[in-house]
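Each residue of the sequence shown is one higher than the one before, counting from 3 in the numbering used here. Here a beta-carbon is modelled for each residue, glycine too, at the ideal position from N, C-alpha and C. Here is the structure we will look at.
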Amino acid sequence: MAGLTVESVRERYGAVCARAGEGVTVVAATKYVSVHDLAILADAGIEVVGENRAQDLLAKHAVYGDAFRWHFIGHLQSNKVKVVNGICELVHSLDSDSSARRLTVPALLEVNLSGEASKSGVEPDAVAGFLERYDGIRGLMTMPPLAEEPEASRVSFRRLAELAGVHGLPELSMGTSQDWEVAVEEGATLIRIGSTLVR
């Protein structure tokens, strides 16, 4: 990424962490960060990275190993769970029984609050069943509908927080570069930040 420097990433990361507060984990979404450029994130002090694809996770972990704590934030196919089990401390995007049966690391259940067929996630009324069937689910994650204004995401974030509260789940992964501040106001404990850090 042209123009990406340790100083610029450190400054942006520090600003997000300060605004989000101590109770929020900032996960640097590295889908569009090359293996080479990941060194800049490490030197800038970023601690947690989130990968969307198992093959990229493998390639980047092979080079950087323990330089980061690794999260998986993309759609999790059951045939990729073994890769994730061996590398990640947390999966944000569990949404199927086939993956849940194979998963050995803690996970967040992805909930489709918008009802959009194009989005992954389980229906809100399916959350209780997953919690009954599987240990290791620490919380919930959602992706609200795309919107021009961050404020438009608030209703989804609030619904997710309410759903987590009903089920006694402590972790909430919600909010990306465009709407993370609203997500924090609604109780996010993890935010997934990409372009804000590496634009």
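Asked, Found
"Close beta carbons around L6, own chain, < 8 Å, minus the five adjacent residues each side", "D39, I42 and V200"
"Whole-angstrom C-beta distance between I75 and A31, which should lie under 8 Å", "6 Å"
"Segment limits, beta strand (DSSP E) that includes T106", "Note, T106: premise wrong, no beta strand (DSSP E); not H, not E."
"Exposure label - D127; buried when at least 16 CB within 10 Å", "exposed"
"Coil, strand or helix - I139 by DSSP", "strand"
"Span of the beta strand (DSSP E), counted from its first residue to its last, around V51", "V50 to E53"
"Cutoff 6 Å; reference T178; Cβ partners in own chain excluding five residues on either side", "R194"
"R160 (DSSP reduced to helix, strand or coil)", "helix"
"Proximal residues to V85 (C-beta, below 7 Å), its chain only, five neighbours per side dropped", "A56, L59 and L60"
"Exposure of E188, with buried meaning 16 or more beta-carbon neighbours within 10 Å", "buried"
"Of the listed residues R103, R104 and I139, nearest to V113 (C-alpha basis)", "I139"
"Within 8 Å, strictly: CB atoms of E91 and F70", "no"
"Nearest to D68 (by Cα), restricted to the options D181, P152, V51 and M176", "V51"
"Limits of the beta strand (DSSP E) - the one that S95 falls within", "L92 to L96"
"Same chain only: Cβ atoms within 7 Å of E125, ignoring 5 sequence neighbours per side", "N114"
"CB of T144 within 8 Å of CB of G123, strictly", "yes"
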